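> Before I ask anything, let me first share the structure, which is written out below as structure tokens.
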Amino acid sequence: MNLATPPLADGLPVVGSLIALIRDADGFFKTQYAKHGSCYRVRVLKDEFVVLGGPDAVNALNQNAGELDAWQVWERIITEFGGRQVLTMLEGERHLKYRKAARAGFSKSRVLEGIPTLLGFVREAVTTLKVNEPFQLMGFVQRLVADSVGTLTLGRKPGAHLADFMTWWHTQLAVNLVGSKPSSTLRHQEYLRAKASIRAFAEEILRTDDAPSSYVQDLKALMHSDPDLINHEELLS
Numbered sequence: 067m068n069l070a071t072p073p074l075a076d077g078l079p080v081v082g083s084l085i086a087l088i089r090d091a092d093g094f095f096k097t098q099y100a101k102h103g104s105c106y107r108v109r110v111l112k113d114e115f116v117v118l119g120g121p122d123a124v125n126a127l128n129q130n131a132g133e134l135d136a137w138q139v140w141e142r143i144i145t146e147f148g149g150r151q152v153l154t155m156l157e158g159e160r161h162l163k164y165r166k167a168a169r170a171g172f173s174k175s176r177v178l179e180g181i182p183t184l185l186g187f188v189r190e191a192v193t194t195l196k197v198n199e200p201f202q203l204m205g206f207v208q209r210l211v212a213d214s215v216g217t218l219t220l221g222r223k224p225g226a227h228l229a230d231f232m233t234w235w236h237t238q239l240a241v242n243l244v245g246s247k248p249s250s251t252l253r254h255q256e257y258l259r260a261k262a263s264i265r266a267f268a269e270e271i272l273r274t275d276d277a278p279s280s281y282v283q284d285l286k287a288l289m290h291s292d293p294d295l296i297n298h299e300e301l302l303s
């Protein structure tokens, strides 16, 4: 292997790694990382892209001087909600301003304060399981993680909106990132209903003036003080 020709990930002659990505994208990338190292190529139908993972990816981002642009990757997903930029990839003073506003909501102390609540979620989830009876691990963990992250960052669980979020997110990834589904999928009724549901959920959170989440309140304050940095649509997304 050299810098010009990273190894090619496992795949089939015509579709490349498409089927593996549809079945389990996370598992596929982890398997290929273990097999090929931090840099390898992935082919999907006629398209091919280079994957950089592990510590090397972190180092590359830390040393990035504009060569790596997150907007090129996430543009169509961000603009789905009217966003103009990838907030986590801002540069210079704008980046510092966003980080300062978001810091409290993602601070270590915030997580430590929430540990008793998160343990309560785990106990509650475990009590729903029956001894010696099988259960779907993916759905169980997915719900537990969503409840935990949602409570820490947004001040509430996603509830019934989780299924709609997963429909929206998986469709976006398939259409705009992996390319395994045509853009017409974004016009399907199932997708449109899911999109409307999660947008309504986000709007509801933003309308709550006394939300327990400092993250939401801090970003709302940033939006009002500097609308050029973050607008309403970007806050929703």
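Residue numbers (our numbering): 67 to 303.
Think of the CB as a built atom: it goes at the ideal place given N, C-alpha and C, for glycine as much as any other residue.
All values reported here derive from a predicted model rather than from experimental measurement.
With DSSP as the reference, identify every bridge partner of S74, one or two as the case may be.
Reading the sequence shown from its first residue, position 8 is the one you call residue 74. Reading off the sequence, residue 74 comes out as Leu, not Ser. Note: L74 sits in a beta bridge opposite R107.
> If you follow the alpha helix (DSSP H) that E159 is part of, which residue opens it and which one closes it?
For the purposes of this step, residue 159 is taken as residue 93 along the sequence shown, with counting starting at 1. Counting along the chain, the alpha helix (DSSP H) containing E159 begins and ends at 158–168.
> Alpha carbons only, please: which of S250, F187, W234 is nearest the one belonging to S263?
Taking the sequence shown and counting its residues from 1, the one referred to as residue 263 is at position 197. Minimum Cα distance to S263 is reached at W234.
> Take V244 and list the residues in its own chain whose beta-carbon comes closer than 6 Å to its own, dropping the five residues that flank it on each side.
Here the question's residue 244 lines up with position 178 in the sequence shown. Closer than 6 Å at the Cβ level, and outside the excluded window around V244, lie L87.
> Roughly how many angstroms separate the alpha carbons of L218 and L228, rounded to a whole number?
For the purposes of this step, residue 218 is taken as residue 152 along the sequence shown, with counting starting at 1. For the purposes of this step, residue 228 is taken as residue 162 along the sequence shown, with counting starting at 1. Rounded to the nearest angstrom, the two C-alpha atoms are 16 Å apart.
> State the DSSP-derived secondary structure class of L118, mapped to helix, strand or coil.
Position 52 of the sequence shown, counted from the start, is the residue given in the question as residue 118. L118 falls in the strand class under three-state DSSP.
> Ignore the nearest five residues each way along the sequence and tell me which others in F187's own chain have a CB closer than 8 Å to its CB.
The residue you call residue 187 lines up with position 121 of the sequence shown. Correct list, in chain order: L210, D213, S214, T217.
> In chain order, which alpha helix (DSSP H) runs of at least 4 residues are fully inside the segment 211–246?
Whole alpha helix (DSSP H) segments, 4+ residues: 227–238.
> Would a check of beta-carbon distances place C105 closer than 8 Å to chain B?
Absent from the structure is chain B; it holds one protein chain and no more.
> At 4 residues or longer, what runs of the alpha helix (DSSP H) sit wholly inside the segment 243–290?
DSSP runs (the alpha helix (DSSP H)) wholly in the segment 243–290: 255–273.
> Leaving out five residues before and five after R142 in sequence, what residues of the same chain have Cβ atoms less than 7 Å from its Cβ?
Taking the first residue of the sequence shown as position 1, residue 142 is located at position 76. N242, listed in sequence order.
> Sort L111, S104, V110, F115 by Cα distance to A123 and report the nearest one.
Within the sequence shown, the letter at position 57 stands for residue 123. For A123, the nearest C-alpha among the options comes from S104.
> Please report the distance separating the alpha-carbon of L220 from that of H254.
The residue you call residue 220 lines up with position 154 of the sequence shown. The residue you call residue 254 lines up with position 188 of the sequence shown. Going by the C-alpha atoms only, they are around 29 Å apart.
> Output the distance between the C-alpha atoms of A240 and L184, rounded to the nearest integer angstrom.
As a working note, residue 240 is residue 174 in the sequence shown. As a working note, residue 184 is residue 118 in the sequence shown. Rounded to whole angstroms, A240 to L184 spans 31 Å at the Cα level.
> Is the beta carbon of Y281 closer than 8 Å to that of F201?
As a first step, residue 201 is located in the sequence shown; it is residue number 135 there, counting from the start. As a first step, residue 281 is located in the sequence shown; it is residue number 215 there, counting from the start. No.
> Could you check what DSSP says for G205 in three-state terms: helix, strand or coil?
In the sequence shown, residue 205 corresponds to position 139, counting from 1. The answer is helix: DSSP assigns G205 an H, G or I state.
> If you reduce the DSSP assignment to three classes, tell me which class G148 lands in.
Here the question's residue 148 lines up with position 82 in the sequence shown. If DSSP states are grouped into helix, strand and coil, G148 belongs with coil.
> Can you look up D294 in the DSSP assignment and give me helix, strand or coil?
For the purposes of this step, residue 294 is identified with residue 228 of the sequence shown, where counting begins at 1. DSSP places D294 in coil when its eight states are reduced to three.
> Rounded to whole angstroms, what's the CA-CA distance from A167 to D76? Just pull it up for me.
For the purposes of this step, residue 167 is identified with residue 101 of the sequence shown, where counting begins at 1. For the purposes of this step, residue 76 is identified with residue 10 of the sequence shown, where counting begins at 1. About 42 Å.
> Distance check for S291 and L203, CA to CA, integer angstroms please.
In the sequence shown, the residue the question calls residue 203 occupies position 137. In the sequence shown, the residue the question calls residue 291 occupies position 225. Going from the Cα of L203 to the Cα of S291 covers about 44 Å.
> In whole angstroms, what separates the C-alpha of I271 from that of S250?
Taking the sequence shown and counting its residues from 1, one reaches residue 271 at position 205. Taking the sequence shown and counting its residues from 1, one reaches residue 250 at position 184. Looking at the two C-alpha atoms, the distance is approximately 30 Å.
> CB L118 to CB G82, shorter than 8 Å?
The residue given as residue 118 occupies position 52 in the sequence shown. The residue given as residue 82 occupies position 16 in the sequence shown. Result no, Cβ atoms of L118 and G82 do not sit closer than 8 Å.
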